[in-house]
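Residue numbers (the numbering used here): 42 to 319.
Single-structure report; data block below.
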Ligand SMILES: NC(=O)c1ccc[n+]([C@@H]2O[C@H](COP(=O)([O-])OP(=O)(O)OC[C@H]3O[C@@H](n4cnc5c(N)ncnc54)[C@H](OP(=O)(O)O)[C@@H]3O)[C@@H](O)[C@H]2O)c1
């Protein structure tokens, strides 16, 4: 999903982009659990920067199939990082806000991964450090350009425009960026290439419920279809979820020399894209 938004953004900035996918059409293809495939892919095009978005992102699937999670989130990163180290290119690796559980505050040295997805994303970060890497812990929303994958806001938008009642969590807090802003900063960081681990989110995060209400109100969608519940009332979740993933952005703000936008502003920005698609 993020790749389908990032590739057009980088092309529009004038970069030459060699996009890779495991499946789908029009891209270079490889299963990156195969080290030789990762070395060939990176060795063939000798990029200045590799941006690694590959992973198994379904949190409950990771919990039910931990070996698959390990292969996708750790082994793939080991292979990509080793290939980057050999070819001398910089790695920008995308991790997740799920590595935090919110106690006491989510600065970079306070990761406490609490489910299989988070543990494998954290282990993936350690693997990325074998080379010159910018590791970004983030979360995002907005109009997905992917044919199938849908973001949280895509789900909200589709549900509310189709008149479907949905439940939203009142006690899970996060601070995602719109994909538009995230792609802009990934681009900047691919040029600056700071080494280390950085949070990259919005300021003044919200509960998922407040996010849903703000999104609905900005787009004039029927917010009476939203019901606030506690995540403890949710059924069918295989994995434990962190309650507070709001990111402390002080470190990345000093690298970028600018304050991150508020989540309210990011909702406004992403809403413009939904207005355009209707
Ligand atoms: N989505 C979110 O809200 C979110 C939030 C925080 C962080 N992130 C992180 O951001 C990154 C991008 O997320 P996304 O939502 O854009 O993910 P996505 O849509 O699930 O895409 C992940 C990609 O990884 C590929 N992949 C998986 N295993 C692979 C393998 N063995 N070899 C090669 N490719 C493989 C998948 O290929 P197939 O299509 O063939 O499966 C897919 O194209 C991930 O690292 C994720 O952990 C995502």
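Note that the Cβ used here is the ideal one computed from N, Cα and C, for glycine as well.
Just so we're clear, the structure is a prediction, and the values are computed from it rather than from any experiment.
- Annotated as proximal: residue 131 and residue 89, with beta-carbon spacing under 8 Å.
- Nearest to residue 181 by alpha-carbon distance, out of 223, 201, 190, is 223.
- Contact fails between the segment 225-245 and the segment 183-192, because fewer than three Cβ pairs, one in each stretch, are under 8 Å apart.
- DSSP, reduced to helix, strand and coil, places residue 170 outside both helices and strands of the structure shown, so it counts as coil.
- Here the alpha carbons of residue 112 and residue 101 stand approximately 16 Å from one another.
- Restricting attention to 213, 106, 121, 298, the CA atom closest to the CA of residue 143 is found in 213.
- In terms of side-chain proximity, the C-beta atom of residue 74 is found nearer than 7 Å to a non-hydrogen atom of ligand 1.
- Leaving aside the five residues that flank residue 207 on each side, the residues in its chain whose CB is nearer than 7 Å to its CB run, in chain order, 200, 266, 267.
- By the Cβ test, the segment 305-317 is not in contact with the segment 273-292, since fewer than three Cβ pairs between them sit closer than 8 Å.
- In this structure residue 147 is in contact with residue 240, their Cβ atoms being roughly 7 Å apart against a cut-off of 8 Å.
- Comparing alpha carbon positions, the residue from 274, 233, 42 closest to residue 297 is 233.
- Shortest gap from the CB of residue 246 to any heavy atom of ligand 1: 7 Å or more.
- A check of alpha carbon separations from residue 276 across 238, 209, 250, 220 identifies 209 as the nearest.
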